[in-house]
Every structure is written in structure tokens, then in C-alpha cells.
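Peer 1:
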Amino acid sequence: MSGRGTYYVTTPIYYVNDVPHIGHAYTTLACDVLARFMRLDGRDVHFLTGTDEHGQKVEKAAAAAGLAPQAFTDKVSQSFRDLVKTMNFSPDNFIRTTEKRHYAACQALWEKLVEAGDIYLGKYAGWYSVRDEAYFVESETEVGSDNKRRAISSGAEVEWVEEPSYFFRLSTWGDRLLEFYEKNPRFIAPESRRNEVISFVKGGLQDLSVSRTSFSWGVPVPGDPKHIMYVWLDALTNYITECGYPDTGNPLWKYWPADLHMVGKDIIRFHCVFWPAFLMSAGIAPPQRVFAHGWWTNEGQKISKSLGNVIDPMELVDAYGLDPVRYFLLREVPFGNDGDLQRRALVGRLNGDLANAYGNLCQRVLSIVAKNCGGKVPAMGSISEVDMALLDRAKALLGIVRADLDDQAFHRALTSIWEVIADANRYVDAQAPWALAKTDPARRDTVLWVLAETIRRVTLLVQPFMPDSAGKILDQLAVPAGERAFAAFDRALVPDTVLPKPQGVFPRFVEPAKAAS
RNA sequence: GGGCCCGUAGUUCAGUGGUUAGAACGAGCCGCUCAUAACGGUUAUGUCGCAGGUUCGAAUCCUGCCGGGCCUACCA
1 MSGRGTYYVT TPIYYVNDVP HIGHAYTTLA CDVLARFMRL DGRDVHFLTG
51 TDEHGQKVEK AAAAAGLAPQ AFTDKVSQSF RDLVKTMNFS PDNFIRTTEK
101 RHYAACQALW EKLVEAGDIY LGKYAGWYSV RDEAYFVESE TEVGSDNKRR
151 AISSGAEVEW VEEPSYFFRL STWGDRLLEF YEKNPRFIAP ESRRNEVISF
201 VKGGLQDLSV SRTSFSWGVP VPGDPKHIMY VWLDALTNYI TECGYPDTGN
251 PLWKYWPADL HMVGKDIIRF HCVFWPAFLM SAGIAPPQRV FAHGWWTNEG
301 QKISKSLGNV IDPMELVDAY GLDPVRYFLL REVPFGNDGD LQRRALVGRL
351 NGDLANAYGN LCQRVLSIVA KNCGGKVPAM GSISEVDMAL LDRAKALLGI
401 VRADLDDQAF HRALTSIWEV IADANRYVDA QAPWALAKTD PARRDTVLWV
451 LAETIRRVTL LVQPFMPDSA GKILDQLAVP AGERAFAAFD RALVPDTVLP
501 KPQGVFPRFV EPAKAAS
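Residue 1 is where the first sequence starts when you use the numbering used here, and the numbers rise one by one after that.
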């Protein structure tokens with residue numbers, strides 16, 4: 001925990017030369033759960049996502065579509081805004097690198113780097129393909145039998161080309177970065193990625209080319225507008241653009257440094273090496289933490305466009321429902337590891353964890369209450385040791401989940417919550433309120449109250465993961481909207497409160513008939 | 001080539017020196033009947049990748065081997 005009242009969490013800005021896939025949804029989902037949790041926990045949250053709209057690929061794609069780059073990005077960035085709605089994400093803003101304020105921020109940052117003496121004009125050299133209008137690194141090329149070097153991806157011939165470019169003196173930042181990692185052990189997670197970054201930096205850093213002249217769709221370099229800023233310098237800056245940079249008097253500046261940049265493991269270097277170096281050079285505090293999560297495979301297969309097995313999150317949500325998909329993605333895999341998306345496993349989670357364990361617990365308890373307690377929160381009599389044991393476990397969950405989410409350990413948080421759900425199901429069987437109805441109605445009411453109260457606590461904590469479903473369950477417990485934040489975690493259900501008629505929230509998933517003729 | 005990580009029940013994993021190696025899912029049996037044929041109890045399963053070594057004691061530490069993954073910079 002940062003100990004501050006604010007909590008600033010970001011997704012990467014997504015490159016618009018792509019349609020949203022499961023990876024985008026996964027990253028943003030993780031941030032969404034954190035943002036929702038922190039809001040409920042009383043933090044002043046700022047949750048940012050957006051799109052990266054510059055670069056040669058976009059310029060070319062726009063030209064191919066017969067559109068001006070801006071018109072093109074207006075169009076394609078829409079699909080990412082649609083994803084926010086489909087997945088019920090709750091960002092406080094959706095930033096675009098084509099916004100004017102972002103140009104101002106990038107140029108201001110650039111000037112700081114110049115003032116610091118970390119920018120110089122040199123030459124960028126690499127294997128250039130005229131046909132692709134792109135540079136390739138040596139490993140992306142190969143020399144054919146005719147002794148000509150070609151790009152592996154396109155087969156186009158490449159030639160050694162040099163163009164003027166500004167460079168950032170990254171080579172001088174190695175020791176300062178290592179010292180920063182040393183002093184901030186939580187800066188990179190998970191641990192294996194931290195090792196990776198440290199060994200990369202220890203291997204020595206080269207200066208970084210931070211401008212291009214071969215295309216024009218980007219932020220012009222101050223004082224030398226033939227140059228466009230390197231896309232990553234441009235893209236990373238979005239995190240401080242949002243906070244008002246360079247105006248540190250902006251009300252949003254209180255959120256910087258960010259508590260967490262959530263990223264996929266492929267872009268860890270940009271966030272853990274380049275970005276803190278840029279910021280330190282400019283005299284700005286680096287973010288507190290970067291978490292690099294893993295990738296999904298599809299039924300054991302690597303996902304790739306050429307294999308045609310790209311997973312469309314919209315399609316998953318249509319097939320299984322939004323909240324089950326949100327739950328599955330964060331429960332199935334230890335966050336940080338790669339995961340395999342198996343439909344069978346998803347259905348197993350949906351039916352086992354959601355319908356049978358949690359949904360059915362709510363339903364069995366609430367329907368006994370509806371039938372036996374006049375549709376009101378039952379009266380709480382004297383609390384026995386077993387009652388207290390269950391209540392205490394539910395009560396302890398807030399601290400457990402808070403600690404787990406502080407480490408981005410979503411799977412552990414959910415496991416802990418579901419242990420209490422299992423405890424509650426055991427308690428129902430052991431106390432058998434349907435039998436108590438005949439022998440000891442007062443005891444039955446107490447048992448039901450303990451269960452309803454346990455469900456309330458559990459469901460408050462489920463809210464960040466499955467906001468809609470948790471909301472429905474809290475409605476059925478007649479928990480007022482103003483008492484769903486964790487400040488009300490210990491405000492127990494009040495006997496005699498009128499309850500609505502119970503209704504199942506997590507229906508079992510039944511495989512649609514394959515050949516419905 | 002160099003670096004990092006991993007290999008534990010049918011499956012996904014937990015366990016990083018100490019009693020007969022655990023959980024969940026799946027399988028078998030029993031119980032319950034409030035509930036979404038849901039829930040609970042119970043049983044069974046493992047040469048802890050292989051081979052050496054350190055130790056009173058190793059899944060856990062060391063060495064080698066086998067198998068798998070990731071990183072080894074400027075498309076993003």
C-alpha cells in the first residue's frame with residue numbers, strides 16, 4: 001500500500017492498428033477490478049486507459065483506407081471504447097495520443113530531456129525495406145541463397161540505411177536504474193520479470209533512437225519538426241499527460257506517480273527501463289510499480305492471426321455472460337503466469353464455482369428466508385461458537401483480499417473468498433435450518449441471519465470482480481446503495497428489513513444443442 | 001551460446017529441510033432434501049522428471065543429465 005489516499009492505475013494505451021482481443025480485455029479487466037476495489041475501499045482512484053494512435057503503421061493503414069490519419073484513428077479507436085462498455089470497465093478517462101494536450105506534454109518532456117543533456121542528434125541505422133517502408137532489426141532479416149538480405153516477414157529486400165535521428169543517452173542510465181530497482185523492490189512484478197529486467201540492464205544499455213524522419217504521423221520534435229518523436233516516448237508520456245503535465249498545478253497531478261502500470265509481458269522493457277529513465281532524466285518521479293502479466297493460449301495453442309484462433313472477448317461474453325468471463329479470467333490462472341483458455345474449464349468454473357457454490361448458496365438461503373421469515377431479514381438470537389466461527393472468517397476476508405490485491409494476486413483473493421462460500425455451504429448442511437423450522441424457529445432464524453450476513457460480506461468483496469451479479473445479490477439482501485463500500489463492511493444486516501423475492505443470479509451453463517434442427 | 005524460470009495425484013496447482021506429501025476439479029461409495037439434480041461426508045489414487053551428493057532427516061539444498069518455457073533492445 002502506498003499509504004496515500006490516491007490510487008492511480010493505468011492500462012497500456014492500445015495500438016489502434018489492431019482489433020481488440022482477449023489480451024486487451026484481460027489487461028483492462030485486471031485494472032478495472034483494482035480500481036473498483038480501491039474505490040470501495042475509500043481511495044481516491046484514477047483509472048486510465050486509451051489508445052496509441054501514432055506511428056508509421058497507422059499512417060499507412062489510413063492511407064490504404066483512403067482516410068486522413070486522424071479520421072482513420074477516430075474510427076478504429078471506437079472499437080476499444082466499445083470494449084470498455086462490453087466488459088463493464090470503469091475507467092475515469094479514455095486518453096488518445098492525438099489529443100492536443102498530449103502533444104504539449106510530449107514536447108514539454110522532450111525539452112526537459114534536452115535540458116538534462118540527455119538528447120543529442122546522431123544517425124539511426126538499420127536494415128530498411130523500401131517496399132515495406134520499415135526498418136527491421138537484424139534478427140528479423142536473413143540472407144538468402146542469392147546473398148541478398150531480406151525481411152523474414154515480408155520477403156522484401158532490405159538495405160542498410162542511415163537517417164538523422166535524435167538519441168536519448170540511455171547508456172548512461174544503467175547504474176541509476178539498477179540502484180532504483182534495488183531501492184524499490186516492488187517496482188517490477190512478478191519476481192521473474194524483475195530478474196529479467198535487471199539482467200537486461202546489467203548487460204549494458206545502448207543509446208535509444210527517439211525520433212524518426214521517415215514518416216510524419218506523430219508528435220513533432222520541438223525546434224526540428226522534420227523529426228517525429230519515437231512512438232514509445234510519445235506513448236509512455238500519456239500517463240503524465242493525463243495528470244496535466246507539464247502543469248504540475250493541475251488538480252490531477254496529485255495522482256502522479258502512478259501506483260501501478262499494468263502491462264503485458266511483451267512491453268515490460270519500455271515500462272521498466274526506458275520510462276523510468278526518461279522520467280528521472282526529466283526530474284519526474286517514476287511510477288511505483290509495473291506488473292507484467294502473462295498471455296493466454298487458446299485450447300493449448302498459441303494465439304496468432306495466421307492460425308486464425310484469435311479470441312474475441314465480445315464473443316466470449318455473448319456465449320457465457322460477462323461476469324462469468326470476468327471471474328474465469330482472474331480465477332483460473334495465477335496472475336502473472338500464462339494461461340490456457342479452455343472452454344471446458346470456463347464452463348467448469350461457471351457451473352462449479354458460480355452456479356453451484358455461490359449462486360446456489362444464495363438461492364438456498366434466501367428461499368428459506370422468503371418462505372419462513374416472512375420475506376424479511378431474520379431475527380438474530382444468541383450467537384453460538386460455530387456461528388461466530390463463520391462470521392469471523394467472513395469478517396477476516398476484507399484484510400485478506402486487500403493484501404492479495406495489493407500484490408495483484410487476483411486468483412488468491414478469489415480462492416480465499418470461495419473458501420468462505422464453501423464454509424457457508426457446510427454450515428447450512430450442519431445446521432439444517434429446514435429441520436430447525438420444526439424444532440426451534442428462533443435458532444433457525446439465527447442460523448439464517450448468520451448465513452445472510454456471511455453472504456453480504458462475501459458479496460461486498462465480489463463486487464469489484466463481478467459488479468452486476470454482486471449488485472443483484474446485494475439487492476436481494478436489501479443492502480442500500482450507500483452501504484456497499486467497505487466502510488460499511490461491519491454494518492451487519494438489520495433484522496426485519498423487508499427483502500425482495502429471491503432470484504437466481506448465476507444460471508448453470510448448458511451446452512447449446514449442437515445440431516438444433 | 002549466455003541468463004532466468006519450471007517439471008509434484010487423471011487434470012490444474014500448493015507445499016522450498018522435519019511427523020504417514022496436500023487442495024480443487026474429475027472418479028467411486030454414503031448421507032441430506034432448503035436449493036440452480038445443487039449441498040455435505042467419505043474412499044482411492046502419486047518410484048514429488050532422472051542420477052548422484054550434503055544431512056540424523058531432501059519434493060525442499062548442491063552437481064550433472066533429460067524435458068518444457070521465457071529473455072538476450074528500438075513494428076507496437
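Cβ atoms here follow ideal geometry from the backbone N, Cα and C, with glycine treated the same way. Computed from a predicted model, the values in this text were never measured in an experiment.
#1: Can you check whether the CB of Ser90 is closer than 8 Å to the CB of Asp32?
#2: Following the continuous alpha helix (DSSP H) through Gly399, name the residue where it begins and the one where it ends.
#3: CB Arg212 to CB Ala292, shorter than 8 Å?
#4: Using only the alpha-carbon positions, how far apart do Asp563 and Ala30 sit?
#5: Quick check on the DSSP output: the alpha helix (DSSP H) that includes Ile22 runs from which residue to which?
#6: Is Tyr120 buried or exposed, if buried means 16 or more other CB atoms sit within 10 Å of its CB?
#7: Regarding Ser367 and the ligand COA, is the C-beta to nearest heavy atom distance less than 7 Å?
#8: Whose C-alpha, out of Val494, Ser306, Gly300 and Glu315, is nearest the C-alpha of Gly381?
#9: Ignoring anything shorter than 4 residues or poking outside the stretch 255-339, list the alpha helix (DSSP H) runs there in chain order.
#10: What is the C-beta distance between Trp449 and Ala379, in whole angstroms, given that I count them as a contact (C-beta under 8 Å)?
#11: Please classify Val130: is it buried, with 16 or more other beta-carbons within 10 angstroms of its beta-carbon, or exposed?
#12: Look up Tyr239 in the DSSP assignment and give the residues it is bridged to.
#13: So, Phe168 versus Asp118, is the Cβ gap smaller than 8 Å?
#14: Please name the residue, chosen from Ser214, Met38 and His24, that lies closest to Gly5 on a Cα-to-Cα basis.
#15: Looking at the unbroken beta strand (DSSP E) that takes in Phe94, where does it start and where does it end?
#16: Could you check which residue in Ser216, Leu279, Phe80 and Leu205 has the C-alpha nearest to that of Tyr15?
#17: Which residues bound the alpha helix (DSSP H) around Gly348?
#18: Per the contact definition of three or more C-beta pairs closer than 8 Å, is the stretch 234-250 in contact with the stretch 60-68?
#19: Using DSSP's beta-bridge definition, name the partner residues of His46.
#20: Which term fits Glu59, buried or exposed, when burial requires 16 or more other beta carbons within 10 angstroms of its beta carbon?
#21: Grab me the residues of Asp339's own chain with a C-beta within less than 7 Å of its C-beta, minus the 5 sequence neighbours each way, in chain order.
#22: Could you check where the beta strand (DSSP E) with Lys501 kicks off and where it finishes?
#23: If you check the beta carbons only, do Phe486 and Leu40 fall under 8 Å apart?
#24: Taking the straight line between their C-alpha atoms, what separation do you get for Trp110 and Glu157?
#25: For Leu83, name the three-state secondary structure that DSSP assigns.
#26: What is the DSSP secondary structure of Lys103, counted as helix, strand or coil?
#27: Starting from Thr454 and walking both ways along the alpha helix (DSSP H), at which residues does that stretch end?
#28: Smallest Cα separation from Pro287: which of Gly300, Asp266 and Asp259?
#29: Which residues in the same chain have their Cβ closer than 7 Å to the Cβ of Phe270, if we skip the five residues on either side of it in sequence?
#30: Suppose the cutoff is 8 Å on Cβ atoms and the five residues either side in sequence are ignored; what does the same chain contact list for Lys265 look like?
#31: Assuming Glu53 and Arg96 form a contact by the criterion Cβ under 8 Å, report the distance between their Cβ atoms to the nearest whole angstrom.
#32: Tell me the DSSP secondary structure of Glu511 in three-state form.
#33: Go ahead and label Gly218 buried or exposed: buried means 16 or more other beta carbons lie within 10 angstroms of its beta carbon, across all protein chains shown.
#34: Could you pull the start and end residues of the beta strand (DSSP E) that Trp160 belongs to?
#35: Residues in its own chain within less than 6 Å of Tyr135 by CB, not counting five upstream and five downstream?
Peer 2: Short version:
#1: Yes, they are a contact pair.
#2: Residues Glu385 to Asp406.
#3: No.
#4: This structure does not reach residue 563, given that the chain is present from 1 up to 517, and the question cannot be answered.
#5: In the DSSP assignment, Ile22 falls within the alpha helix (DSSP H) that extends over Ile22 to Leu40.
#6: Counting Cβ neighbours within 10 Å, Tyr120 comes out exposed, since fewer than 16 surround it.
#7: The ligand COA is absent from the structure shown, which contains no ligands of any kind.
#8: If we check each option's Cα against that of Gly381, Val494 comes out closest.
#9: Within the stretch 255-339, the alpha helix (DSSP H) runs of at least 4 residues that lie entirely inside it are, in chain order, 275-281, 313-320 and 322-331.
#10: Under the criterion of beta carbons closer than 8 Å, Trp449 and Ala379 qualify as touching, at roughly 7 Å.
#11: When all chains shown are included, Val130 counts as exposed.
#12: For Tyr239, which the question treats as bridged, DSSP gives no partner whatsoever.
#13: Their beta carbons are under 8 Å apart, which means Phe168 touches Asp118 by this criterion.
#14: Comparing Cα positions, the closest option is Met38.
#15: Start and end: Asn93 to Arg96.
#16: Minimum Cα distance to Tyr15 is reached at Phe80.
#17: Unbroken alpha helix (DSSP H) run through Gly348: Arg343 to Gly348.
#18: No, the stretch 60-68 does not touch the stretch 234-250.
#19: Partner(s): Tyr8.
#20: So Glu59 counts as buried.
#21: Reading off the sequence, residue 339 comes out as Gly, not Asp. Residues of the same chain with a CB within less than 7 Å of the CB of Gly339, apart from the 5 flanking positions on each side, are Gly294, Trp296, Glu332 and Val333 in chain order.
#22: First-last for Lys501: undefined, no H or E at that position.
#23: Against a cut-off of 8 Å, the Cβ pair of Leu40 and Phe486 comes out as a contact.
#24: Those two C-alpha atoms are separated by around 35 Å.
#25: Assignment of Leu83 by DSSP, reduced to helix, strand and coil, places it in the helix class.
#26: It should be noted that the sequence gives Tyr, not Lys, for residue 103. Note: Tyr103 maps to helix in three-state DSSP.
#27: Segment Pro441 to Val462, the alpha helix (DSSP H) holding Thr454.
#28: Taking only the C-alpha atoms, the option nearest Pro287 is Asp259.
#29: Residues of the same chain with a CB within less than 7 Å of the CB of Phe270, apart from the 5 flanking positions on each side, are Trp232 and Leu236 in chain order.
#30: Sequence-distant partners of Lys265 (beyond 5 residues in either direction) whose C-beta falls short of 8 Å from its own C-beta, in its chain, are Arg193, Ala292, His293, Gly294 and Trp295.
#31: About 6 Å separates the beta carbons of Glu53 and Arg96, which is inside the 8 Å limit, making them a contact pair.
#32: Annotated three-state conformation of Glu511 is coil, per DSSP.
#33: That one is buried.
#34: Counting along the chain, the beta strand (DSSP E) containing Trp160 begins and ends at Glu159 to Phe168.
#35: Apart from sequence neighbours up to five positions away, the residues of its chain that approach Tyr135 with a beta-carbon distance below 6 Å are Gly126 and Tyr128, ordered along the chain.
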